[in-house]
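K.L.:
Okay, handing you the structure first.
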Amino acid sequence: IENLLFRSQRTYNLFQKLLQKLSGPVLILGSRIVDLSSEDAQEIDEKLSAVFPYNIDIRPPDDENHLVSWKSQLERDMNMIQTQDNRNHIMEVLSENDLICDDLESISFEDTKVLSNYIEEIVVSALSYHLMNNKDPEYRNGKLVISSTSLSHGFSLFREGKAGGREKLKQKPKEEKSKEQKAELAADVKPETKAESVTTASIKNEPEKEAKSEKATPKAPEVPPDNEFEKRIRPEVIPSEEINVTFEDIGALDDIKESLQELVMLPLRRPDLFTGGLLKPCRGILLFGPPGTG
């Protein structure tokens, strides 16, 4: 009952007004869970005692048979309360994003618990899945109505992502172990073989150094800026040799990536095609997609 009344002063005042409007023989029960091991277990807030002046202590039965059934019933009730709290939290997050889900009851207790903990990360994927699979989405009072299937799909994607991250973390120690094993094997090699490996490595490294020296071309002289705007923006421009992202890193189909590459690279490779005025070079590309796809 504390979670309800002490949520805000306005809620407490509304509850008091509701009690004053009631008439006749009405019994109102409010439950609260008490930790008997703590010292402040028996202390009750003055505001709470003003609304509920009488206390009824419910203690476990002394009979063992009744105690077993009492504990099982108590566990079921706690699961029901926790499930309802999780559903309320899910509904609050969905409402903040202008979403409604009518069939949250179809989700199991365990999935509801995990879904409530990560609903902020799951809601975007669920929304994308729902919009892609529903041509005529339903709206109610300005909010989109999504199904529990969409939430379950977003939850499965989130779970797969976490599982993939764990596998990567597991692979790292294995790679470190393999490196240590290779280092131990290298330490056990005889000095003669070491000398041979050093000479062969030095011979192999010489052509690589020559190739690197050939590739390392001197930088072109810096061209002075044309105007004040170019002078301001030039320090923010990333040099081409420092950009490690290529068209292969774009999360799209191969034909789309080829089209993007042609749009960007063709004016740079063949500027003569764009001098007549029939074609215009691409100044930039705006990439967009469904929410949550990046």
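Just so we're aligned, residue 1 is where the sequence shown starts under full-length UniProt numbering, counting upward by one.
The C-beta atom is built at its ideal place from N, Cα and C for all residues, glycine as well.
1) Given a cut-off of 9 Å on the beta-carbon distance, is the pair L99 and T112 in contact?
2) K143 bridges to which residues according to DSSP?
3) Check whether the region 144-160 touches the region 125-132, taking contact to mean three or more Cβ pairs, one atom from each stretch, closer than 8 Å.
4) Rounded to whole angstroms, what is the Cα-Cα separation between N55 and K47?
5) Please classify T83 as buried or exposed, where buried requires at least 16 other C-beta atoms within 10 Å of its C-beta.
6) Given L144, which residues of its chain have a CB within under 8 Å of its CB, disregarding the five upstream and five downstream residues?
7) Taking the continuous beta strand (DSSP E) assigned at L99, which residues delimit it?
8) Specify, as a first and last residue, the run of the alpha helix (DSSP H) that K17 falls within.
9) What did DSSP end up calling V245 once you bin it into helix, strand or coil?
10) Going straight from the alpha carbon of R76 to that of P60, what length do you get?
11) For I285 and L266, which I take to be in contact (beta-carbon distance under 8 Å), what is that distance rounded to the nearest angstrom?
12) Would you report the Cα separation of L5 and Q16, rounded to the nearest angstrom?
13) Should N117 be labelled buried (16 or more other beta-carbon atoms within 10 Å of its own) or exposed?
14) Could you name the residues of the same chain whose beta carbon sits closer than 7 Å to that of S148, not counting the 5 residues immediately before and after it, in chain order?
15) When you compare each of L67, F109, I122 to F158 by their alpha carbons, which one comes out closest?
16) Measure how close the beta-carbons of N79 and F109 come, nearest whole angstrom, since I'm counting them as under 8 Å.
17) Going by DSSP, what residue range makes up the alpha helix (DSSP H) through E64?
18) Name the residue from N65, L29, V68, D63 whose alpha carbon lies nearest to the alpha carbon of P53.
19) Over the uninterrupted alpha helix (DSSP H) stretch that includes L27, give me the two end residues.
20) Can you say whether I119 is buried or exposed, counting buried as having 16 or more other CB atoms within 10 angstroms of its CB?
21) What's the gap between the Cα of L19 and the Cα of R32?
22) Hey, how far is the Cα of D255 from the Cα of S156?
P.N.:
In short:
1) To locate residue 99, count along the sequence shown from 1; it is residue 99. To locate residue 112, count along the sequence shown from 1; it is residue 112. Not a contact, by the Cβ cut-off of 9 Å.
2) One-based indexing of the sequence shown puts residue 143 at position 143. K143 is bridged to R140.
3) yes
4) Start at 1 with the first residue of the sequence shown, and residue 55 comes out as number 55. Start at 1 with the first residue of the sequence shown, and residue 47 comes out as number 47. Going by the C-alpha atoms only, they are around 14 Å apart.
5) Within the sequence shown, the letter at position 83 stands for residue 83. Answer is buried; the Cβ neighbour count reaches 16.
6) Residue mapping note: residue 144 aligns to position 144 of the sequence shown, counting from 1. D98, L99, I100, L127, H130, P137, E138.
7) Position 99 of the sequence shown, counted from the start, is the residue given in the question as residue 99. 99-101 is the extent of the beta strand (DSSP E) around L99.
8) Indexing the sequence shown from 1 puts residue 17 at position 17. Element bounds for K17: 9-21.
9) Working through the sequence shown from its first residue, we reach residue 245 at position 245. DSSP places V245 in coil when its eight states are reduced to three.
10) Looking up residue 76 in the sequence shown gives position 76. Looking up residue 60 in the sequence shown gives position 60. Distance between the alpha carbons of R76 and P60 is about 15 Å.
11) As a position in the sequence shown, residue 285 is number 285, starting the count at 1. As a position in the sequence shown, residue 266 is number 266, starting the count at 1. Rounded, the Cβ-Cβ distance is 13 Å, inconsistent with contact.
12) Within the sequence shown, numbered from 1, the residue matching residue 5 stands at position 5. Within the sequence shown, numbered from 1, the residue matching residue 16 stands at position 16. If I take the Cα positions, the gap works out to 10 Å.
13) By 1-based counting over the sequence shown, the position of residue 117 is 117. Exposed, because fewer than 16 other Cβ atoms sit within 10 Å of the Cβ of N117.
14) Locating residue 148 in the sequence shown gives position 148, where the first residue counts as 1. C101, D103, L104, S106, I107, listed in sequence order.
15) In the sequence shown, residue 158 corresponds to position 158, counting from 1. Out of L67, F109, I122, I122 has the C-alpha closest to the C-alpha of F158.
16) For this step, residue 79 is matched to residue 79 along the sequence shown. For this step, residue 109 is matched to residue 109 along the sequence shown. Going by Cβ atoms, the distance from N79 to F109 rounds to 6 Å, so yes, they are a contact pair.
17) Within the sequence shown, residue 64 is the residue found at index 64, counting from 1. Per DSSP, E64 belongs to the alpha helix (DSSP H) from 64-96.
18) The residue given as residue 53 occupies position 53 in the sequence shown. Minimum Cα distance to P53 is reached at L29.
19) Within the sequence shown, numbered from 1, the residue matching residue 27 stands at position 27. Where L27 is concerned, there is no enclosing alpha helix (DSSP H), given that its DSSP letter is neither H nor E.
20) Within the sequence shown, numbered from 1, the residue matching residue 119 stands at position 119. Answer is buried; the Cβ neighbour count reaches 16.
21) Walking along the sequence shown from the start, residue 19 turns up at place 19. Walking along the sequence shown from the start, residue 32 turns up at place 32. Straight-line Cα distance between these residues: approximately 19 Å.
22) Counted from its first residue, the sequence shown places residue 255 at position 255. Counted from its first residue, the sequence shown places residue 156 at position 156. Those two C-alpha atoms are separated by around 29 Å.
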